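Worksheet: the structure to be examined is printed underneath.
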Amino acid sequence: EDQVTQSPEALRLQEGESSSLNCSYTVSGLRGLFWYRQDPGKGPEFLFTLYSAGEEKEKERLKATLTKKESFLHITAPKPEDSATYLCAVQEVTGNQFYFGTGTSLTVIP
Amino acid sequence: GAVVSQHPSRVICKSGTSVKIECRSLDFQATTMFWYRQFPKQSLMLMATSNEGSKATYEQGVEKDKFLINHASLTLSTLTVTSAHPEDSSFYICSAEGLAGGLTDTQYFGPGTRLTVL
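From first to last, the protein sequence lines are chains A and B. Throughout the first sequence, residue numbering follows our numbering, covering -4 to 105 in sequence. Throughout the second sequence, residue numbering follows our numbering, covering 4 to 121 in sequence.
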């Protein structure tokens, strides 16, 4: 059973068109939920860590929120440079293994 | 802070040779380092978890004799692909989890190493 599911797989937005990426998870106990950005041919870049339901974090045009079952990455007025694959990962309370989703490929069209 | 480097960034080798990839945490000590493999347009696949001074824990299906991991210090882990074959061609990424403070519970990734086996 997949622990982390991201949707949509791919998203095309016009510059300035706000939207949200979804990450749903099923773990027995959540230690943390992580968002990363990955550009082609590069390692993932850390964006946010969320620990408990109701928590929110913001960075420039990005805002991450967390509930008991899912997390959203909201992108407000995106720019072409926001184009990348966004990965979500969860870490269970037991053990330190991370479970990654397959990512959402975001393309922002000028 | 929290910078992880990998070396080399790209390597091309002949089938049957061995390749060593280094992963270093440059400005923090890493309790745990992880090695991932990523195929084009796919997510990260965890290969193994290594803690300094102890044997690595390999994921199911990953050959420990083929992918040798050494975690010699709190800032350095190496992955050696032994007797590489074309099917080993992939993008290998390491990550490190910090020792203390705000760096714990968060993985910081290296830039990755593109391995091509001819």
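From the three backbone atoms N, C-alpha and C, an ideal C-beta is built for every residue, glycine too. These numbers come from a predicted model, not from an experiment.
Exposure of residue i, with buried meaning 16 or more beta-carbon neighbours within 10 Å
{"i": "B:Leu106", "result": "Annotation note: pLDDT 49 at B:Leu106 (below 50); position unreliable, coordinate value reported separately. The residue in question, B:Leu106, is buried, as its Cβ has 16 or more Cβ neighbours within 10 Å."}
{"i": "B:Gly19", "result": "exposed"}
{"i": "A:Thr89", "result": "exposed"}
{"i": "A:Pro39", "result": "buried"}
{"i": "B:Ile96", "result": "buried"}
{"i": "B:Phe42", "result": "exposed"}
{"i": "B:Gln63", "result": "exposed"}
{"i": "A:Leu61", "result": "buried"}
{"i": "B:Ser122", "result": "Here chain B comprises residues numbered 4 to 121, so residue 122 of chain B is not present and cannot be evaluated."}
{"i": "B:Glu100", "result": "buried"}
{"i": "A:Leu9", "result": "The question names Leu, but residue 9 of chain A is Gln in the sequence shown. The residue is exposed, with fewer than 16 neighbouring Cβ atoms inside 10 Å."}
{"i": "A:Arg7", "result": "exposed"}
Strand pairing of residue i, partner residues [DSSP]
{"i": "A:Glu50", "result": "Per DSSP, none; premise fails for A:Glu50."}
{"i": "B:Ser98", "result": "B:Phe37 and B:Phe112"}
{"i": "A:Arg7", "result": "A:Thr102"}
{"i": "A:Arg32", "result": "A:Glu40 and A:Tyr81"}
{"i": "A:Ala59", "result": "A:Lys52 and A:Leu68"}
{"i": "B:Ala59", "result": "Partner(s): none; B:Ala59 has no beta bridge."}
Contact with chain A by residue i, beta-carbon distance below 8 angstroms
{"i": "B:Gln45", "result": "yes"}
{"i": "B:Gly115", "result": "yes"}
Min CB distance residue i to chain B below 8 angstroms
{"i": "A:Thr97", "result": "yes"}
{"i": "A:Leu82", "result": "yes"}
Using a Cβ cut-off of 9 angstroms, which residues of the region 78 to 112 of chain B contact any Cβ in chain A, in chain order?
Phe94, Ile96, Cys97, Ser98, Glu100, Asp108, Thr109, Gln110, Tyr111 and Phe112
Please list, in chain order, the residues of the region 54 to 69 of chain A that have any C-beta partner in chain B closer than 9 angstroms.
none
Decide if the region 17 to 29 of chain A is in contact with the region 44 to 58 of chain A; the criterion is three or more beta carbon pairs, one per stretch, under 8 angstroms apart.
yes
Under 8 angstroms, with one C-beta from each stretch per pair, do the region 68 to 80 of chain B and the region 70 to 84 of chain A reach the 3-pair mark?
no
Give, in chain order, every residue of the region 28 to 52 of chain A whose Cβ lies closer than 9 angstroms to some Cβ of chain B.
The region 28 to 52 of chain A vs chain B, Cβ under 9 angstroms: Phe29, Tyr31, Gln33, Gly36, Lys37, Gly38, Pro39, Glu40, Phe41, Thr44 and Tyr46.
For the region 11 to 32 of chain B, list every residue whose C-beta sits within 7 angstroms of some C-beta in chain A, in sequence order.
none
For the region 59 to 70 of chain B and the region 11 to 28 of chain B, state whether three or more C-beta atom pairs, one from each stretch, are separated by less than 8 angstroms.
no
Is the region 80 to 94 of chain B touching the region 15 to 22 of chain A, taking contact as three or more C-beta pairs under 8 angstroms?
no
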